[in-house]
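Just so you know, the sequences run in chain order A and B.
Under the numbering used here, think of the first position of the first sequence as 1, with each following residue one higher.
Under the numbering used here, think of the first position of the second sequence as 1001, with each following residue one higher.
For every residue, glycine included, the Cβ atom is placed at its ideal position computed from N, Cα and C.
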Amino acid sequence: GDSVTQMEGPVTLSEEAFLTINCTYTATGYPSLFWYVQYPGEGLQLLLKATKADDKGSNKGFEATYRKETTSFHLEKGSVQVSDSAVYFCALSDTYSSASKIIFGSGTRLSIRP
Amino acid sequence: DGGITQSPKYLFRKEGQNVTLSCEQNLNHDAMYWYRQDPGQGLRLIYYSQIVNDFQKGDIAEGYSVSREKKESFPLTVTSAQKNPTAFYLCASSPPDRSYGYTFGSGTRLTVV
């Protein structure tokens, strides 16, 4: 079946540092790819998405490019802020099942130091 | 504004009691999902429903039950058979379009004492 692997955390950076969180996937078809963010005590929010190869999703200074040749969807931000501290989940739409399910990675906790 | 409402935000129950968590959406989404999240962990799928009056077990359905009598509502009952019910429970919904993604509720934190 389809799967998502993302880098383990926690990731700790200083404010204004460059961020990369790696995500790779395995899929039999052509999934849509997503990044979700979860702030403490809250539900998940869709951060950005890409629906086909070479698409770039972007939101709030975060970017990720759908790379079919490397089966990757790495999350990047040029200058992080303390308010970016959260857990980030990479995910893909299940291409194996007939149901419209999403498969989530295990999450990466990001902490930003002032 | 459309969205998903989970209630209550915090719930305390005594061991051995059944408890029902509410999930309501006004997004007109066909599919709804329940996930469990333990501290520092990822999401685990409990149950999901693609249409009214139909639902399927996820990866950890034992000790849980659901119903889907209305499109807007997908309540989750945590039964006394669930051995470790203390967790954060998240409800989500989605339309049939796989590229849309999920919309999540704000979660219910259940503590069993």
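How should residue i be labelled, buried or exposed, when 16 other C-beta atoms within 10 angstroms of its C-beta is the threshold for buried?
| i | result |
| --- | --- |
| G118 of chain A | Limits of chain A in this structure are 1 at one end and 114 at the other, which puts residue 118 of chain A out of reach. |
| R113 of chain A | exposed |
| V80 of chain A | buried |
| V37 of chain A | buried |
If we cut at 9 Å on Cβ distances, does residue i have a partner in chain B?
| i | result |
| --- | --- |
| F18 of chain A | no |
| S3 of chain A | no |
| F104 of chain A | yes |
| S111 of chain A | no |
| A91 of chain A | yes |
| K68 of chain A | no |
Which residues mark the beginning and the end of the beta strand (DSSP E) in which residue i is found?
| i | result |
| --- | --- |
| V1112 of chain B | T1108 to V1112 |
| D1054 of chain B | D1054 to K1057 |
| N1028 of chain B | Premise fails: N1028 of chain B is in no beta strand (DSSP E) and is neither H nor E. |
Relative to the C-alpha of residue i, which residue among the options is closest?
| i | options | result |
| --- | --- | --- |
| I21 of chain A | A:S72, A:K49, A:E42 and A:V82 | A:S72 |
| Q1056 of chain B | B:E1062, B:Y1048 and B:Y1033 | B:Y1048 |
| I1004 of chain B | B:G1016, B:L1011, B:T1020 and B:N1028 | B:N1028 |
Using a Cβ-Cβ cut-off of 9 Å, state whether residue i counts as contacting chain A.
| i | result |
| --- | --- |
| F1104 of chain B | yes |
| Q1006 of chain B | yes |
| G1107 of chain B | yes |
Residues of the stretch 1065–1098 of chain B in Cβ contact with chain A at a cutoff of 9 Å, in chain order, please.
F1088, L1090, C1091, A1092, S1094, P1095, P1096, D1097 and R1098
Along the stretch 24–46 of chain A, what residues have a CB closer than 9 Å to any CB found in chain B?
P31, S32, F34, Y36, Q38, G41, E42, G43, L44, Q45 and L46
Taking beta-carbon pairs under 8 Å, can you tell me which members of the stretch 45–59 of chain A lie near chain B?
Q45, L46, K49 and T51
Listed in chain order, which residues of the stretch 1035–1066 of chain B have Cβ atoms closer than 8 Å to some Cβ of chain A?
G1040, Q1041, G1042, L1043, L1045, Y1048, Q1050 and Q1056
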